[in-house]
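Just so you know, we're using full-length UniProt numbering here: the sequence shown kicks off at 1 and counts up by one.
For every residue, glycine included, the Cβ atom is placed at its ideal position computed from N, Cα and C.
Computed from a prediction, not measured in an experiment: that's the story for all the values here.
Take a look at the structure below.
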Amino acid sequence: MHKASNILIRGLLVITTVLWLTSYTRHTAIGIDHDVEQQDRILHKYYRTNWTGHGSIWIGYGSLIKPDDSSQLLEKFDLAAAFFHRKYISLEGKSQTGWNKLGFWYINSSEPRPVFWIGIPSWLPVQLLVLLLFAQKKYLVLRENN
């Protein structure tokens, strides 16, 4: 059991390290799209984990309303992903707090369309996984000595 968790943590560490190192110049996103029919329109919802291209990870959701187009199929459940694209989320001209410059974000807006995002620096998950590996190793050493 400990070996499997160790392999899982190390695998996640490799993945998050690659995403961290590329998160300053590339955009990667993983998520789900979901369409809901509402009378004469379509409510398109999306849930994402974004490595923004600005050194932070944003986790959240958004939605937009589209006119009902009967020629277009509804996506009741659609996996969505984009890997290592050139960054396209521009922060130029946007006022940023000191926390934003460090990689921490909180965006909750209903206009012009509903969005909710929480952002953390992209190096933070890497550090947490390293700490978890050390804690696991310390636990195993203590367990062997008892």
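**Message:** Once DSSP output is grouped into helix, strand and coil, what is the label at L74?
**Reply:** coil
**Asked** What is the DSSP secondary structure of W134, reduced to helix, strand or coil?
**Response** First, the residue type needs correcting, since residue 134 is Phe and not Trp in the sequence shown. If DSSP states are grouped into helix, strand and coil, F134 belongs with the helices.
**Request:** Under 8 angstroms Cβ to Cβ from L13, same chain only, skipping five residues before and after it: list those, please.
**Result:** V126, L129, V130 and L133
**Asked** For R48, which three-state DSSP category applies?
**Response** strand
**Request:** Measure the Cβ-Cβ separation of D33 and A80 and say whether it is below 9 angstroms.
**Result:** yes
**Prompt:** Roughly how many angstroms separate the alpha carbons of P121 and I42, rounded to a whole number?
**Reply:** 34 angstroms
**Asked** If you follow the beta strand (DSSP E) that T28 is part of, which residue opens it and which one closes it?
**Response** R26 to Q38
**Message:** On the DSSP bridge list, what partners appear for V115?
**Reply:** G62 and S109
**Request:** Could you spell out where the alpha helix (DSSP H) holding W99 opens and where it closes?
**Result:** G98 to L102
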